[in-house]
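There are 2 protein chains.
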Amino acid sequence: MAALPAPLRQTLTELLGPGGLLLDESERLAYGYDNSRRQGLPLAVALPETAQQVQGIVRACRQHRLPIVARGRGTNTTGASVPGEDALVVSFERMDRILAIRPGDRVAVVQPGLLNGDLQAALAEHGLFWPPDPTSAAFSTVGGNLACNAGGPRAVKYGASRDNVLALRAVTGTGELVSLGAATTKGASGYDLARLLVGSEGTLALIVEASLKLTPRAPLWRALRALYTDVDAAAAAVARLMAQPVTPSMLEFMDGECVRLAREVGGAELPPCGALLMIEADGDQSVLDAAEAALRAAAEGPGCLEVSAAADEAAREKLWAARKALSPSLRTLAPGKINEDVVVPVSRLPELVAAVQAAARGHQLPIVCFGHAGNGNLHVNILYDPADAAQAARAEAALQAVFAAVVELGGQLSGEHGIGLVKRDLLARALPPATLALMRAIKAQFDPDGLLNPGKVLPP
Amino acid sequence: MAALPAPLRQTLTELLGPGGLLLDESERLAYGYDNSRRQGLPLAVALPETAQQVQGIVRACRQHRLPIVARGRGTNTTGASVPGEDALVVSFERMDRILAIRPGDRVAVVQPGLLNGDLQAALAEHGLFWPPDPTSAAFSTVGGNLACNAGGPRAVKYGASRDNVLALRAVTGTGELVSLGAATTKGASGYDLARLLVGSEGTLALIVEASLKLTPRAPLWRALRALYTDVDAAAAAVARLMAQPVTPSMLEFMDGECVRLAREVGGAELPPCGALLMIEADGDQSVLDAAEAALRAAAEGPGCLEVSAAADEAAREKLWAARKALSPSLRTLAPGKINEDVVVPVSRLPELVAAVQAAARGHQLPIVCFGHAGNGNLHVNILYDPADAAQAARAEAALQAVFAAVVELGGQLSGEHGIGLVKRDLLARALPPATLALMRAIKAQFDPDGLLNPGKVLPP
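Below, the structure written as structure tokens:
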């Protein structure tokens, strides 16, 4: 099809009312991309306001066998929200309300189109927060965070999206509205289908309401910066930090090249070094001194050059700003980058870092690494010139070497970005066939006609 | 069938070797019951030592369409491990090893037949623990804990079994050995099938290996005891305690009748009161004073008679011993009890307690309550004489009233005991038909012939 079939168009127009269905190409274009640099052009964009409208959309599309791609704000990096040919995008921008905040239950009930940042602002008044804090938090949605199992630096202490959801209401591929889980912090009443939906990237059902598990906000924090002679020394320190009792509220890693970029491009005041850890503790005044002492002791060791506390809030903010600017600043090194967010058990980080360095040497390309070290989650950036065919081939070979190391070390292809389109075919190499077969079989129960985000996550 | 078919018997004997297949009735009887007071007699009991043997058992049974019931130590209270007629029990008692403890990853890899208590003892040397701590911990298995999503008092701060597992290896109903999840604390790589298995009570697959998420052990704790005029006042205090930042490491509730039993039967030194909360904080020396002050302030309020710290370790142990003795001591009040472990959002606890009291009055039966209040998880005990038909009918009516209130309050039938046989038919009332249909469809993907623990969890 090149256009929405007329009867479907009429059904959706009646269902969604004026302005509820976007058909102009210029408007449709804006809903066709994400941060993967891939782009598609949907046949139409639906803007539902209620769960019942979402059901109506799915049922109508099903009659016409039209694929459906759910969309938050399209901040993901894997093509998960890029529509294929002949698809309808369902954007949740009009379902963006907070339905309830119940401090005594530590629960918020929200619609999927709510921005993570808006939720955090509303929760702050109650002394609470929702742990997932991807870099995109200010402009990504809770629904998108759940669909991708988004994490962020705080996940090391507070968990990622899956660890912080209690119940979901969602519309399956048959248009059925299902309630999964319950808004209690404990439960043993049948299969846990709510958490099954988290990280499924819109391939099982469209989330229309979420009951989120909230956490009390620590009033204070303490930031440490630890410098190391080389990445191996820093990776070993990460394993020491996670083996002792005080769980850091953030534990971020940068290799020497990232430190240089943070200084030269990001403007951070950092001495040259082979690697750096940003370590934070949170809590109230009574705990911070002891926490800092414990983290400092674990950070020190062979190859540690210096551990220093951020002088003040401004110094801390500056370091974080430089950290957040790292990903875009990599473009100053090479016109192209392959950005992966692999994850391995923390104790295997030194081996992963060594494997990445070997791949860089072997394929003669710069590879820079930073990431959420406390979870063993490393953002590996392979830098190359896509216009140079030889470089592009070496970049691909380096990537395969990194993935091979990850699988060998008992890790996963993605820690928090997800699979989407970009890593879909790799999943077949990372997961045993029997596991993949089960995933496909489960997908078919939620979405028997394969209409929900087809071609994403599971290899064909 | 009244006996194992001869060819199956031969296959299993060859597979499991001498002593690996129990056929004597006296032996089989010992594997036919659990703590639900129900009993079945399996045709045989298999004692595998390897995952490959488990695969062989499932394949052989599948050829003969013989149902399979996985078994840890049979401590559950719902009949989940009671075999129906014509079934094989697979007991994991010979697969009880710790395969690895990796402190830097905060991970232990274990076999399912390992006792929870043995695991904790081994982890203590590393300053770590695995959070699930059901009352049965000393003699229940990790596999059983996972199968039932076991919790316990610590779950309020550290989560239940599902929150503390990273990866599983399991044998499905077709004899396939599948690896689910990965031993990393973060992941966005396909559907989360590991947590789907947790709480599925052996109906989806047989767990043969688990990678467990460990937590650093707090070196010290502080115990408070708070007395209230009545249960409503205590329930309101629970909601206050959970709305403030310091998460207690335990928050247990007893109604006035439980307090009396703890004193008179359990020997605890307790003054008469309408309700009691046991509140604990954990951490190191630096945090405990502030934590105690915060918890004390939240515990105080309308209807609070007294908040006192346990004088010493002996006083604390005595109170806990009385708390643990509560369940058996209820038998002194009436020959029969219906014991439910319903769960509601914490803020709805006062309403649940009121509904339970109304049910007790309306049906003229004593109902005593205690439980893990910080999770909204209440053990409701309806006491009656099963020999008195009128009392039995009133007990059943009271139970239905309690369940109706739980569903109305947005809760779940079970917080940690599970569904099994005993609550199976109630699940149809508690869950919407579409949700139940999805659960059934998913079960069929793992176990197409319905051989794994048939008749449990899902109503026919």
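Protein sequences appear in the order of chains X and D.
full-length UniProt numbering applies: residue 1 is where the first sequence begins, and numbers increase by one.
full-length UniProt numbering applies: residue 1 is where the second sequence begins, and numbers increase by one.
Every residue gets a Cβ at the ideal spot worked out from N, C-alpha and C, and that includes glycine.
All values derive from a computational prediction rather than experimental measurement.
Straight-line Cα distance separating D:Tyr-228 from D:Cys-304: 4 Å
So that I know if they touch, is there some Cβ in chain X lying closer than 8 Å to that of D:Pro-432? yes
Which stretch, first to last residue, makes up the alpha helix (DSSP H) that contains D:Gly-117? 116-124
Buried or exposed: where does X:Pro-328 fall if 16 or more other Cβ atoms within 10 Å of its Cβ makes it buried? exposed
Give, in chain order, every residue of the stretch 197-215 of chain X whose Cβ lies closer than 8 Å to some Cβ of chain D. Val-198, Gly-199, Ser-200 and Leu-204
Quick one: complete alpha helix (DSSP H) runs, 4+ long, within the stretch 237-288 of chain X? 256-264
One or two residues paired with D:Asn-377 in a DSSP bridge: D:Val-343 and D:His-372
Roughly how many whole angstroms lie between the Cα atoms of X:Met-439 and D:Glu-209? 20 Å
Exposure label - D:Phe-139; buried when at least 16 CB within 10 Å: exposed
Entirely enclosed alpha helix (DSSP H) segments - the stretch 131-197 of chain X, minimum 4 residues: 142-148, 155-158 and 193-197
Give the DSSP-derived three-state secondary structure of D:Lys-423 in the structure shown. coil
In whole angstroms, what is the alpha-carbon distance linking D:Val-90 and X:Gly-151? 39 Å
C-beta contact flag for D:Gly-374 and D:Leu-251 at 8 Å: yes
Can you tell me which of the three DSSP states D:Pro-216 falls into? strand
Relative to the C-alpha of X:Ala-3, which residue among X:Asn-145, X:Ala-358, X:Ala-30 and X:Pro-42 is closest? X:Pro-42
Proximal chain X residues relative to D:Glu-252, where beta-carbon distance stays under 8 Å: Correct list: empty, because the minimum Cβ distance to chain X is about 14 Å.
Between the C-alpha atoms of D:Ala-70 and D:Gln-55, what's the straight-line distance to the nearest angstrom? 13 Å
If you check the beta carbons only, do X:Leu-212 and X:Asn-149 fall under 8 Å apart? no
Compare the beta carbon distance of X:Ala-182 and X:Ala-167 with 8 Å and say whether it is the shorter of the two. yes
Do D:Gly-173 and D:Leu-458 count as a contact pair if the criterion is CB distance below 8 Å? no
Out of curiosity, what's the CA-to-CA distance linking X:Asp-282 and D:Gln-111? 36 Å
Is any beta-carbon of chain D found at less than 8 Å from that of X:Thr-77? no
Counting only Cβ-Cβ distances shorter than 7 Å, please list the residues of the stretch 401-427 of chain D near chain X, keeping chain order. Gly-410, Gly-411, Gln-412, Leu-413, Ser-414, Gly-415, Glu-416, His-417, Gly-418, Ile-419 and Leu-427
Could you check if X:Asp-96 is buried or exposed, using at least 16 other CB atoms within 10 Å of its CB as the buried criterion? buried
Which full runs of the beta strand (DSSP E) of 3+ residues lie inside the stretch 73-105 of chain D, going along the chain? 88-91 and 98-102
Counting only Cβ pairs nearer than 7 Å, list the residues of chain X close to D:Gly-190. Ile-419, Leu-427, Leu-431, Met-439 and Val-457
Whole-angstrom C-beta distance between X:Ala-121 and X:Leu-214, which should lie under 8 Å: Wrong, their Cβ atoms sit about 14 Å apart, outside the cutoff.
Taking 7 Å as the cut-off, is the beta-carbon of X:Val-344 closer than that to any non-hydrogen atom of the ligand FMN? As presented, the structure is devoid of all ligands, the ligand FMN included, so that no description of it is given.
Bridge partners of X:Ile-68, per DSSP? X:Leu-88 and X:Leu-452
D:Ala-235: which of D:Arg-260, D:Ala-404 and D:Ala-298 sits nearest, CA to CA? D:Ala-298
On the CB-based measure, 16 or more other CB atoms within 10 Å of its CB, does D:Gln-53 come out buried or exposed? buried
C-alpha gap between D:Val-406 and X:Gly-256, whole angstroms: 56 Å
Beta-carbon separation (whole angstroms), D:Phe-370 vs D:Leu-326, contact threshold 8 Å: 6 Å
Could you check where the beta strand (DSSP E) with X:Gln-45 kicks off and where it finishes? According to the sequence shown, residue 45 of chain X is Val rather than Gln. Taken as a continuous stretch (DSSP letters only), the beta strand (DSSP E) holding X:Val-45 covers 44-46.
Can the beta-carbon of D:Gly-410 be found less than 8 Å from the beta-carbon of D:Pro-345? yes
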